[in-house]
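Asks: Residue numbers (the numbering used here): 6 to 277. Please find one structure pasted underneath; my questions will follow.
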DNA sequence: AGAGGTACCTGGCAGC
DNA sequence: TGCTGCCAGGTACCTC
């Protein structure tokens with residue numbers, strides 16, 4: 006479900022409720038996420054104030070002076086803001102209650118997400134230490150991609166989905182960015198030119214910004230923190246469209262498994 | 001070092 | 001209606 010735009014959309018939805026809020030309770034109904042949820046350690050945050058929130062890659066960080074809650078939504082997770090005492094549904098694993106009035110609720114059917122407590126220095130944590138640059142940051146551009154790719158014999162799509170290269174480009178937006186840049190997902194990363202990487206970097210930024218503006222992509226079950234769907238699905242050019250006509254020419258969109266993930270492209274528009 | 005495969009888990013859907 | 005098999009937005013970790 007969530008790629009970078011969905012995580013960013015989620016953070017924007019919950020941030021107003023967390024800003025300077027006092028954590029008044031943390032309820033863990035099911036600690037069996039990707040890694041065991043440290044219920045007791047999290048309880049140590051009760052009574053303390055949220056000092057800030059941020060996103061790094063697809064992680065949401067909720068800072069307090071006692072430690073940082075590190076949240077990941079995995080494939081199927083979502084966070085929503087609800088009134089305290091809102092009824093509990095299936096897969097509602099964790100509630101973070103703030104100001105004794107609202108709860109930030111994690112629902113994650115597949116339980117690939119995580120909720121950990123990290124002590125400073127937060128960015129030295131194993132999960133954060135080796136991440137590549139943010140795609141929307143100034144240090145991510147075509148020259149960087151070109152330089153990183155010189156020793157890489159993997160498919161271009163696998164390369165841009167590698168979190169050590171750049172974070173936040175998941176399966177949907179990888180296909181979309183490659184389409185926008187006119188590049189074949191199966192091209193070998195180290196054989197792609199600097200000029201093409203410049204186009205690709207711009208395409209990645211544009212796609213992600215557009216998706217954030219639309220509130221993310223809702224395929225089956227993604228909703229923003231207020232329960233509304235994202236509207237980027239209408240703007241998808243290739244993802245999920247195999248067998249349909251390309252919006253840019255008369256060709257039929259194809260799909261191919263690359264790195265165990267379904268990949269969509271136009272054989273005519275993407276020759277690079 | 002880099003490439004490729006496996007594992008974690010539930011739910012929805014197509015096909016029988 | 002119910003069963004089976006397949007697919008799904010992520011990514012750490014293992015082996016080669």
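Here a beta-carbon is modelled for each residue, glycine too, at the ideal position from N, C-alpha and C.
Does the beta-carbon of residue 252 have 16 or more other beta-carbons within 10 angstroms, so that it is buried, or is it exposed?
Replies: Your numbering for residue 252 matches position 247 in the first chain. Flag for residue 252 reads exposed.
Asks: If you reduce the DSSP assignment to three classes, tell me which class residue 148 lands in.
Replies: By one-based count along the first chain, residue 148 stands at place 143. Three-state result, residue 148: helix.
Asks: For the candidate residues 194, 215 and 187, whose alpha-carbon lies nearest to that of residue 152?
Replies: The count along the first chain starts at 1 and reaches residue 152 at position 147. The shortest C-alpha separation from residue 152 is found at 194.
Asks: Give the range of the alpha helix (DSSP H) segment to which residue 18 is assigned.
Replies: For the purposes of this step, residue 18 is taken as residue 13 along the first chain, with counting starting at 1. First-last of the alpha helix (DSSP H) with residue 18: 9 to 23.
Asks: Who are the Cβ neighbours of residue 188 in its own chain at under 8 Å, not counting the five residues just before and after it?
Replies: Here residue 188 refers to the residue found at position 183 when the first chain is read from its first residue. If we look at residue 188 and ignore the five residues flanking it on each side, its Cβ neighbours are 161, 197, 201, 204, 205, 275 and 277.
Asks: So who's on the other strand from residue 222, going by DSSP bridges?
Replies: On the first chain, residue 222 is found 217 positions in, with the first residue counted as 1. DSSP lists 236 as partners of residue 222.
Asks: What three-state label does DSSP hand residue 133 in the structure shown?
Replies: Taking the first chain and counting its residues from 1, the one referred to as residue 133 is at position 128. Three-state result, residue 133: helix.
Asks: Could you tell me which of 41, 48, 55 and 45 sits nearest to residue 26, measuring between CA atoms?
Replies: Within the first chain, the letter at position 21 stands for residue 26. The shortest C-alpha separation from residue 26 is found at 55.
Asks: Is residue 180 helix, strand or coil when you go by DSSP?
Replies: Within the first chain, residue 180 is the residue found at index 175, counting from 1. Helix at residue 180.
Asks: Leaving aside the five residues before and after residue 94 along the sequence, list all residues of the same chain whose C-beta is less than 8 Å from its C-beta, in chain order.
Replies: Against the first chain, residue 94 aligns to sequence position 89. The answer, listed in chain order, is 112.
Asks: Given this structure, state the Cα-to-Cα distance separating residue 207 from residue 46, to the nearest angstrom.
Replies: Walking along the first chain from the start, residue 207 turns up at place 202. Walking along the first chain from the start, residue 46 turns up at place 41. Distance between the alpha carbons of residue 207 and residue 46 is about 42 Å.
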